[in-house]
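Residue numbers (the numbering used here), protein chains in the order written: chain A, 69 to 514; chain B, 62 to 376.
Shown next, in the form of C-alpha cells:
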C-alpha cells in the first residue's frame, strides 16, 4: 500500500538541504506521496530506505516524458478517476497518423497542416503535438526517410510504429535527438523490441489484447529493466476500448496494480473509416483517460473542437482560469468607441468578448484583476468595488487610447456605480445588461 | 495470474422517469452504474435526444449551418417539429419559447400556450417546453402552457428556486414533468429537488437540469457537477439526486463565436458546418459520459452522430 506523506517524511534525512528542489523534506515527502516527485531527486537517502520507498513512492501511473523539438510534454502521472477529486495533470497528446504507404505530396500536406494547427486561448497555445509514423511494409530505408522528413520539417513529437525491431532502429536513428516512442512491443517481438528500447533509452509502447496478456507483457518488459512504457489494450471497438480505459486507470490507482501503471495509447484511426465518428471516439478518450490519441487526419474542423474539449477536461478545477488584466481591443475600436469593464475570470471574459465580437460593434473591453472571480462573486467579495475599478481605469492606459469618457459596467455590479462616479468625476457611468446575451442589443442602442 | 477488474461498489440507482404519453412515451434513467459502465451495471434506458424547435424564426440568431436544415419551416413551430420527426427521426421535441423573452418579443403567456398546444396536438413524441429562464415571466408562461396542454405529460421548465412553486404546482395540477434547474451546484440541485418534493411533485416527475456550458465555454463545470451528482446518487445513496439529467446544449454550443465564424472569416478553423456539428456532438459526448439522460440538440447531423454513438457505447 502507498505510504502517506508523513510516513515517507520519517524515512527522509530531514536536513532540508533543498537539493531536490523542494524547500523542505516534508514538502518533498508530500510531493512523493502525491506522485508528483521521484525519490531519485534526493541524493541522501540510504539504499535500504530507497528500496523501501521505491515501491511506495513511485507514481501509480508512470509519467513519461515526450520530446517535441522545442518542448517536453509528459503523459501519465495521473492520480484520480474524476477531475473534481483533484485534477488531471497531463493533457492527452493528440497525434496525427503518417504511414509509409502515403505518397510524398500527401505527407507534405499533412506536415504543413500540422504546423498550422495552433490556436491561442487564455494565453495557451492549443495544438496537436505528435505524429505517429507507421511502417506498412517493413522497408527500413523508406521508414527512416519518412521519419527524417518529419523531424526536419516539423516540431512534432514522434511515435514510431513497426513490429520489426530493425525498422524501428533505423527510424530511431533518423529521429536523432527527437527521442521517439517506439513500438508496439507484442508477445511476438517483445525480446527484440524491448532490447532495442533499452539500448536506445526510448519509451516503449506495449500492445496486447486482453487484460491478462497485457499484464503479462508489461511484467516481462519491466523485468527486462524497462520503465518508460505506454500501453495499448488492442481493443478497436468503442465499447471495449472505453471499458479498457476505465479498467486500466482504476486498476493502476486503486489496488496499485503495477502492470497497468502506465499511460495508454488510443487509436480512433483504426476504429472507423468515418472521420466524424472518429472525432467522437477521440473525444471519449480525451475525457476518459487516454494518454495519446492517434487520429487518421488532422483536419482543423475535427482538431479544433477536440482541443477545446481537452482544454476543458484538463483545466485544474482547484484554480479559477484567469486572463491577464488589461485593455482588450474588440472589432478594431477607435477613440470614440464604447468602453466596458468586467472581471478577469476567463469564462466571463470569453462570454462577454464573444458577445461584443458577435455584435460587430467596435469596443474597448477593460479587464479588472478580480483574482479570477466572476462578476457577482467579485462584487460580493469586494474585489470589484468602485474604488478599485476607478483606480484601474485611470491606470490601465485607456485614457491615452480613447477619448470617450463613458464606462459601461456589468449589470450585476450596478451597486458600484455611485462610488465609481465619485472616483471618476469626468466620466459617465452606464449600467450594462445583467446577461451577456443582451450585450449586442445594448451596444447597438447606445 | 488471472486479472480481476477492481470493483466499484454502487449502493444506489437512478430513478426512472417516463415522459410523454402513449406508444411514443420514453422512459429515462434506471442506471445502476456510472454512465455507460455497462460492464459492471445496467443501463436499462439509453439516453435520448430531443430536437430543438423555436417558437419564432431564429433568423440571424442561429449560425447559417444550424438554420439551413430548417429554413423552410423556421417560423412555423408545428411544421418544424414535424420535420424533425419525419425527416430526422426525432424521438422527442423541445419547444423553446424564445418569443416570451421579456427583453425581446415579450409574447404573452396565452400566445405561448396556444403555440405549445398546437405543437403538442400535432406530434405524438414527448414534448419538452423550455421558457427563457426569466424567473417572473416563466412563472406566468409555464403554468399557462401546463393548463392548455393538460394531461399530455409534457416536460416543463426551467423551474428555479425563485419560481418553482408556481411551475411545480401547475405541473402537479395538470400532470406534467418538471425540469428542476440549478446553477452548476450539486447542493443547489439537491435543494431544489427537495423543495419540489415538499410541494408534492413526485420523483417520477422531475428531471434535473444542472446548467449546461458549451464546449470551450464552461463545459468543464457542467461536466464535473454532473459527475459529482452521479457519484453522490450511485455511491453515496443520496436519493434526492437519483434523478435523470437533462442538458439543453444546442443553444450553448451554437451561440459561441467559433460556431458562428464563417469559412471566409476563419479558414484556420476548418469548414464551418463540420466544425459546428462536431462542437455540438463532442459536447454531447462529454455530457453523456458525465451522466446526461436527455439531450436537447440542434443540428440534425449532430443528432444522428450522437444517436449512433449512444447505440455503440451502450449497446
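Think of the CB as a built atom: it goes at the ideal place given N, C-alpha and C, for glycine as much as any other residue.
The model shown is predicted, which means the values in this text are computed figures rather than measured ones.
Going by beta carbons, residue 275 of chain B and residue 316 of chain B fall inside the 9 angstroms limit. In the three-state reduction of the DSSP assignment, residue 75 of chain B falls in the coil class. Excluding its 5 nearest sequence neighbours in each direction, residue 151 of chain A has C-beta neighbours in its own chain below 7 angstroms: 381 and 385, listed in chain order.
Take residue 160 of chain B, set aside five residues on each side of it, and the residues of its chain with a beta-carbon closer than 6 angstroms to its own are 116, 117, 166 and 168, in chain order.
Taking C-beta separations shorter than 6 angstroms and ignoring five residues to either side along the sequence, the partners of residue 109 of chain A in its chain run 88, following chain order. Between the alpha carbons of residue 500 of chain A and residue 404 of chain A lies a gap of roughly 18 angstroms. Contact between residue 305 of chain B and residue 286 of chain B fails: their C-beta atoms lie close to 15 angstroms from each other, not under 8 angstroms. Residue 94 of chain B sits away from residue 348 of chain B, with the two beta carbons spaced by 9 angstroms or more. When Cβ pairs closer than 8 angstroms are counted between the two stretches, the stretch 209 to 227 of chain B is seen to touch the stretch 240 to 259 of chain B, the count reaching three or more. Partner residues in the beta bridge of residue 275 of chain A, as assigned by DSSP, are A:300.
Taking CB atoms only, residue 119 of chain B has no neighbour in chain A less than 9 angstroms away. The straight-line gap separating the alpha-carbon atoms of residue 229 of chain B and residue 503 of chain A is approximately 25 angstroms. At the C-beta level, residue 308 of chain B and residue 340 of chain B stay beyond 9 angstroms of one another. For residue 219 of chain B, the enclosing beta strand (DSSP E) stretches over residues 216 to 220.
Distance from the CA atom of residue 66 of chain B to the CA atom of residue 509 of chain A, rounded to whole angstroms, is 56 angstroms. Apart from the 5 residues on each side of it in sequence, residue 428 of chain A sits with its Cβ closer than 7 angstroms to the Cβ of 399 in its chain, given in chain order.
Of the residues A:455, A:454 and A:350, the one whose Cα lies closest to the Cα of residue 332 of chain A is A:350. In this structure, residue 452 of chain A lies away from residue 482 of chain A, with their beta-carbon atoms at least 9 angstroms apart. Using a Cβ-Cβ distance cut-off of 8 angstroms, the stretch 141 to 160 of chain B and the stretch 185 to 199 of chain B are in contact, since at least three pairs of beta carbons, one from each stretch, lie closer than that value. Of the candidates B:106, B:208 and B:360, B:106 places its Cα closest to the Cα of residue 372 of chain B.
Within chain A, the residues 344, 347, 348, 351, 369, 370, 372, 373 and 374 have their CB atoms less than 9 angstroms from the CB of residue 339 of chain B, given in chain order. Going by beta carbons, residue 356 of chain B and residue 369 of chain A fall outside the 9 angstroms limit. Residue 128 of chain A is outside the set of residues whose beta carbon lies under 9 angstroms from a beta carbon in chain B. Taking the C-beta atoms as reference points, residue 197 of chain A is found nearer than 9 angstroms to residue 141 of chain A. Chain-ordered, the chain A residues with CB closer than 7 angstroms to the CB of residue 332 of chain B read 369. The secondary-structure analysis by DSSP pairs residue 113 of chain B across a beta bridge with B:155. Only residues of its own chain outside the window of five on either side were considered, and among them 477, 497 and 499 have a CB closer than 7 angstroms to the CB of residue 485 of chain A, listed in chain order. Distance between residue 277 of chain A and residue 253 of chain A, taken at the CA atoms: about 12 angstroms. Interface with chain A (9 angstroms Cβ-Cβ cutoff): residue 164 of chain B is included. Nearest CB-CB separation between residue 256 of chain B and chain A: not below the 9 angstroms threshold. Secondary structure note for residue 164 of chain A: its beta strand (DSSP E) is the uninterrupted segment 161 to 167. If the five residues before and after residue 235 of chain B are omitted, its C-beta is found closer than 8 angstroms to the C-beta atoms of 207, 208, 210, 211 and 212, all from its own chain and listed in chain order. The C-beta of residue 342 of chain B comes closer than 9 angstroms to at least one C-beta of chain A. Apart from the 5 residues on each side of it in sequence, residue 269 of chain A sits with its Cβ closer than 8 angstroms to the Cβ of 247 in its chain, given in chain order. Against chain A, the CB of residue 367 of chain B has a partner CB under 9 angstroms away; the residue lies at that interface. When secondary structure is reduced to three states using DSSP, residue 123 of chain B falls in the coil class, being assigned neither helix nor strand.
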